[in-house]
Amino acid sequence: MNIDIFIRQRKPDWEKLETLMKNFEKNGLERVDQVQILELGDLYRRTVSDLSFAKSNFKDYRLLSYLNQLVANSYAKIYRDEPFSFLSIMKYFSSDFPQLFRKYFKYILLAFLAFVLTGITGFFLVTANHKIAVYEEQSIREAFSKMKKEEKWADIERQARPFAASAIMTNNIKVVFLSFAFGITAGIGTLFIIVSNGFHLGACAGMAFMKGISDLLWSFVFSHGMIELTCIFIAAGAGFLIGDAILNPGLFTRKEALKNNSLEAVKLMAGTVPMLVLAGLIEGFISPSGINQLYKFGFGILTIILMVLYFGFTGREKNDVRPKAVP
Numbered sequence: 080m081n082i083d084i085f086i087r088q089r090k091p092d093w094e095k096l097e098t099l100m101k102n103f104e105k106n107g108l109e110r111v112d113q114v115q116i117l118e119l120g121d122l123y124r125r126t127v128s129d130l131s132f133a134k135s136n137f138k139d140y141r142l143l144s145y146l147n148q149l150v151a152n153s154y155a156k157i158y159r160d161e162p163f164s165f166l167s168i169m170k171y172f173s174s175d176f177p178q179l180f181r182k183y184f185k186y187i188l189l190a191f192l193a194f195v196l197t198g199i200t201g202f203f204l205v206t207a208n209h210k211i212a213v214y215e216e217q218s219i220r221e222a223f224s225k226m227k228k229e230e231k232w233a234d235i236e237r238q239a240r241p242f243a244a245s246a247i248m249t250n251n252i253k254v255v256f257l258s259f260a261f262g263i264t265a266g267i268g269t270l271f272i273i274v275s276n277g278f279h280l281g282a283c284a285g286m287a288f289m290k291g292i293s294d295l296l297w298s299f300v301f302s303h304g305m306i307e308l309t310c311i312f313i314a315a316g317a318g319f320l321i322g323d324a325i326l327n328p329g330l331f332t333r334k335e336a337l338k339n340n341s342l343e344a345v346k347l348m349a350g351t352v353p354m355l356v357l358a359g360l361i362e363g364f365i366s367p368s369g370i371n372q373l374y375k376f377g378f379g380i381l382t383i384i385l386m387v388l389y390f391g392f393t394g395r396e397k398n399d400v401r402p403k404a405v406p
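Residue numbers (my numbering): 80 to 406.
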């Protein structure tokens with residue numbers, strides 16, 4: 080289709096969408112006629128489709144910039160944040176959070192793969208050369224020292240567990256926050272945090288393997304680690320989302336892309352807060368307890384199943400209706 084014909088045919092809908100948006104902004108949703116609200120949604124979806132078509136078929140910067148701005152402004156007004164309330168919190172965790180997880184899964188997957196690959200690297204480097212310089216890392220050296228003494232570093236005294244849980248939550252929050260915040264470095268800092276943590280866990284796993292006490296390490300880590308690591312991957316994914324706006328702003332200016340992606344990243348990050356609290360409580364109370372190791376592994380497997388069900392299926396009905404992204 081010729082660009083002039085395309086503009087001539089579609090322009091009336093774009094102008095009508097602009098008019099309805101101005102009316103919506105002036106009077107508020109509660110004062111807008113129900114028919115107009117339905118029309119507004121229909122016009123928005125058509126304009127999103129027009130933008131997608133224009134991106135694929137035309138290279139006219141003015142047209143693409145105009146449609147981009149119209150879609151972005153419409154999205155911001157139609158799906159603007161609801162007032163903070165118990166219902167809004169319930170809605171967030173029952174639909175918005177898992178939808179955001181699926182929407183930005185490629186960034187979360189990138190964090191997961193970076194962690195796993197460097198973890199495997201750390202494991203084999205340590206098992207291949209137990210004198211490797213990684214032992215100079217304080218946390219790993221202390222863990223190795225305990226292993227040599229055949230101490231169970233999972234043994235936290237019962238009366239100290241509330242304090243341990245608090246300290247663990249603080250550490251987890253620190254790692255998650257840094258993974259997210261360093262997205263502003265175009266994702267380089269985020270990648271460093273992920274690689275560092277993955278390598279350290281792999282190195283500790285390698286040392287435990289050489290000492291023949293892998294069961295102690297993994298029974299301690301597995302019960303809480305699945306939730307904890309998921310939080311870190313989500314936070315790093317949010318960091319990569321911010322970094323992507325800097326590296327690949329698309330048709331937006333970097334400032335606009337950074338603003339849009341940062342808002343989405345914050346929304347994604349917010350869901351990790353209760354997960355971190357839960358992981359900290361499990362790590363402080365259950366992981367170091369004397370219960371059978373099989374129960375700890377079983378508990379970890381249960382958390383994996385629940386997270387797969389939650390992130391994979393929760394909120395799908397609403398997600399089918401609501402647009403998945405602002406192009």
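Where is the CB? At the ideal position from N, CA and C, for every residue including glycine. All figures in this text were calculated on a predicted structure; none of them were measured in a lab.
Taking 8 angstroms as the cut-off, decide whether the C-beta atoms of T460 and G322 are in contact. Here the chain covers residues 80 to 406 and nothing more, so residue 460 does not appear.
Simplified DSSP state of L388, which is helix, strand or coil: Looking at L388 - three-state DSSP - the assignment turns out to be helix.
So, helix, strand or coil for I383, using DSSP? When DSSP states are grouped into helix, strand and coil, I383 belongs to the helix group.
Close-in-space but distant-in-sequence residues of the same chain around Y186 (CB under 6 angstroms, 5 per side omitted): Correct list, in chain order: G316, F319 and L320.
Okay, do the segment 328 to 344 and the segment 292 to 310 touch, 3+ Cβ pairs below 8 angstroms being the bar? The segment 328 to 344 makes no contact with the segment 292 to 310, as fewer than three CB pairs between them are under 8 angstroms.
Express the C-alpha separation of L117 and A151 in angstroms, rounding to a whole number. For A151 and L117, the gap between their C-alpha atoms comes out near 19 angstroms.
Could you check the C-alpha separation between D175 and G394 for me, to the nearest Å? For the pair D175 and G394, the Cα-to-Cα distance works out to about 7 angstroms.
Cα-Cα separation between E418 and E97, rounded to whole angstroms: Examination of residue 418 is not possible in this model, given that the chain is present from 80 through 406 alone.
V356 to R87, Cα distance in whole Å? Whole-angstrom Cα-Cα distance: 56 angstroms.
Excluding the 5 residues flanking N81 on each side, which residues of the same chain have their C-beta closer than 7 angstroms to its C-beta? Nothing listed; no residue qualifies.
Going by C-alpha to C-alpha distance, which of Q148, T309 and F392 sits closest to E94? The option with the nearest alpha carbon to E94 is Q148.
Measure the Cβ-Cβ separation of I361 and S275 and say whether it is below 8 angstroms. One thing to note: I361 has its Cβ no nearer than 8 angstroms to the Cβ of S275.
Quick one: using the 10 Å Cβ neighbour count with 16 as the cut-off for buried, is I273 buried or exposed? Counting Cβ neighbours within 10 Å, I273 comes out buried, since at least 16 surround it.
Kindly indicate which three-state DSSP category T424 falls into: helix, strand or coil? Residue 424 lies beyond the range of the chain shown here (80 to 406); nothing can be said about it.
Simplified DSSP state of T206, which is helix, strand or coil: Helix at T206.
With a threshold of 7 angstroms on Cβ separation, who are the neighbours of I325 within its own chain once the five nearest residues in sequence on each side are excluded? Once the five neighbours on either side are set aside, the close Cβ partners of I325 are A265, R333 and L337.
Return helix, strand or coil for A336, following the three-state DSSP convention. Three-state result, A336: helix.
For K182 and L385, the rounded distance between their alpha carbons: Near 19 angstroms, if we compare the C-alpha coordinates of K182 and L385.
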